[in-house]
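Chemist: Before I ask anything, here is the structure I am working with.
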Amino acid sequence: SGSASSLPAPNFLPPTSIKQSQKEKMGSSAYEEAIAGLSKLLSEKGGLDDAAAAKIKQITAELQITENGGSKDAFDPVQRIKAGFARFKTEKYLKNPSLYGELAKGQSPKFLVFACSDSRVCPSHILDFQPGEAFMVRNIANMVPPYDQTKFSGTGAAIEYAVLHLKVENIVVIGHSCCGGIKGLMSIPDHGATSTE
Numbered sequence: 003s004g005s006a007s008s009l010p011a012p013n014f015l016p017p018t019s020i021k022q023s024q025k026e027k028m029g030s031s032a033y034e035e036a037i038a039g040l041s042k043l044l045s046e047k048g049g050l051d052d053a054a055a056a057k058i059k060q061i062t063a064e065l066q067i068t069e070n071g072g073s074k075d076a077f078d079p080v081q082r083i084k085a086g087f088a089r090f091k092t093e094k095y096l097k098n099p100s101l102y103g104e105l106a107k108g109q110s111p112k113f114l115v116f117a118c119s120d121s122r123v124c125p126s127h128i129l130d131f132q133p134g135e136a137f138m139v140r141n142i143a144n145m146v147p148p149y150d151q152t153k154f155s156g157t158g159a160a161i162e163y164a165v166l167h168l169k170v171e172n173i174v175v176i177g178h179s180c181c182g183g184i185k186g187l188m189s190i191p192d193h194g195a196t197s198t199e
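Read in order, the letters of the sequence shown correspond to residues 3 to 199 in my numbering.
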């Protein structure tokens with residue numbers, strides 16, 4: 003049989019939260035034992051694959067949420083951010099040291115992308131950009147207003163920096179369906195007065 007390094011990485015399925023009723027079915031001691039066992043596995047198995055270790059931490063955190071009277075729907079924003087960073091570190095950063103080493107030295111993106119702030123639309127996912135490939139500007143309705151030194155200076159500054167300093171070669175403006183910003187713009191009367199003026 004082969005060495006441990008020739009074994010395929012473990013395949014962990016996405017966990018589902020254990021509901022309070024399942025905890026009761028397991029019995030309190032079995033439940034506590036499961037949490038302790040996962041924690042022990044993490045601390046004792048230094049050779050665990052980073053992705054496996056991150057998945058075990060995630061499962062343990064979900065078990066503890068339920069243990070503390072939470073539910074599947076309980077949301078801890080700080081824990082979400084920490085878990086997201088841990089996944090990034092183990093699944094991307096540590097697996098691509100040369101890429102992130104180069105990015106630490108500077109950036110030279112080929113694209114300047116204007117996209118909507120809508121949380122459902124992520125240009126990096128939609129266009130499969132990797133870190134360092136695109137300089138992003140996100141705002142409501144992916145607007146690129148006319149240049150003006152006193153108004154909309156954030157957009158103008160981003161264009162100036164991207165073109166003059168980063169030397170981007172391509173400017174892309176992407177929109178999306180069901181955009182609330184565009185819907186709001188289209189509802190402005192022809193005379194141009196809005197309720198916020």
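We put the beta carbon where it would ideally sit given N, CA and C, even for glycine.
Report all residues from its chain with a CB closer than 7 Å to the CB of Arg140; omit the five preceding and five following residues, and keep chain order.
Modeler: Cβ within range, chain order: Ala117, Cys118 and Ser119.
Chemist: What is the rounded straight-line gap between the Cα of Tyr95 and the Cα of Ala55?
Modeler: Near 15 Å, if we compare the C-alpha coordinates of Ala55 and Tyr95.
Chemist: By DSSP, does Asn141 sit in helix, in strand, or in coil?
Modeler: If DSSP states are grouped into helix, strand and coil, Asn141 belongs with the strands.
Chemist: Give a yes or no on whether the C-beta atoms belonging to Gly183 and Ile142 are separated by under 8 Å.
Modeler: Yes, these two residues count as a Cβ contact at 8 Å.
Chemist: Please tell me whether Val170 and Leu114 are closer than 8 Å, where the distance is taken between their beta carbons.
Modeler: Contact flag set, yes.
Chemist: Are the beta-carbon atoms belonging to Gly134 and Pro111 less than 8 Å from one another?
Modeler: The answer is yes: Cβ separation under 8 Å.
Chemist: Quick one: what's got a C-beta closer than 8 Å to Asn172's C-beta in the same chain, skipping five residues either side?
Modeler: Correct list, in chain order: Lys112, Phe113 and Leu114.
Chemist: Take Lys1 as the anchor and find which of Asp52, Tyr149, Asp150 and Ala106 has the nearest alpha-carbon.
Modeler: Outside the shown range of the chain, which is 3 to 199, sits residue 1, and nothing can be said about it.
Chemist: Considering only the alpha carbon of each residue, which of Ile161, Ala159 and Gln132 lies closest to Leu105?
Modeler: Checked all of Ile161, Ala159 and Gln132; the closest Cα to Leu105 is Gln132.
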